[in-house]
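Scroll down for the structure; my scribbles are underneath it.
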Amino acid sequence: MDIGFLKNSVLEFVQSHQAYAPFVLGLMTFAESLAFVSLLLPTMTILIAVGFVLAAAEIPFWQAWIGAVCGAVLGNWISYEIGRRYKKTAYEVWPLSRNPQLVTRGEDFFQRFGPWAVFMGRFFGPIRAVIALIAGIFLMPNVLFQAANLASASVWAFVILAPGAGLAHYLLW
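Just so we're aligned: 63 in UniProt numbering is position 63 of the sequence shown, and the numbers increase by one with no gaps anywhere.
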């Protein structure tokens with residue numbers, strides 16, 4: 001199979017379905033930000049590559065970015081609410097029940113940095129999977145959590161999509 005053919009096929013598919021791009025990106029970042037699921041589906045590498053594909057398919061960056069932000073905010077928000085509702089019994093759900101060291105590291109990180117842990121935790125792979133849950137368990141005030149959640153999701157989505165989008169413009173145009 002010719003790599004040029006494969007590239008053109010992918011680009012044609014994305015271009016013909018570009019209206020769904022923000023929604024698909026939102027689903028991917030939702031999965032990456034939701035406690036439990038993000039441990040099973042590490043989509044970071046795929047998300048970085050998606051930035052390149054979206055730019056090559058001439059999908060406006062801001063549309064993709066908004067979809068990614070919405071999914072990431074929603075994933076963390078649900079994780080936070082699970083933590084508030086179920087407290088430490090949430091740690092007993094698989095795959096967290098199999099990763100007690102991750103929970104301990106997440107709790108230590110949250111205790112050390114407080115509200116900033118929600119912002120910074122988004123940028124550290126394994127911690128991202130549990131920090132919103134821990135914020136809910138430790139009853140972080142909702143307004144403070146949502147502010148950190150939205151700010152971190154906005155920066156994080158830009159950081160994961162922009163390199164691919166910028167590289168695509170550099171290489172393709």
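Note that the Cβ used here is the ideal one computed from N, Cα and C, for glycine as well.
{"Asked": "Residues near residue 75 by beta carbon distance below 6 Å, same chain, minus five either side", "Found": "30, 33, 34"}
{"Asked": "CB of residue 57 within 8 Å of CB of residue 18, strictly", "Found": "yes"}
{"Asked": "Three-pair Cβ contact test at 8 Å for the region 131–140 versus the region 82–99", "Found": "yes"}
{"Asked": "Helix, strand or coil at residue 99 according to DSSP, with G and I counted as helix", "Found": "coil"}
{"Asked": "Contact set for residue 110: own chain, Cβ-Cβ below 7 Å, skip 5 residues either direction", "Found": "117, 131, 134, 135, 138"}
{"Asked": "Nearest residue (CA-CA) to residue 102, options 115, 85, 121, 114", "Found": "121"}
{"Asked": "Same chain, Cβ closer than 8 Å to residue 184, five either side skipped, listed in chain order", "Found": "This structure gives no information on residue 184, because the portion of the chain shown stretches from 1 to 173."}
{"Asked": "Residue 22, buried or exposed, once every other Cβ within 10 Å from all chains shown has been counted against 16", "Found": "buried"}
{"Asked": "Same chain, Cβ closer than 8 Å to residue 128, neighbours up to 5 away in sequence not counted", "Found": "32, 33, 38, 121, 122"}
{"Asked": "Sequence ranges, alpha helix (DSSP H) only - wholly within the UniProt domain \"VTT\" (41–165), length at least 4", "Found": "44–56, 61–86, 100–113, 115–121, 125–128, 131–137"}
{"Asked": "Helix, strand or coil at residue 36 [DSSP, three-state]", "Found": "coil"}
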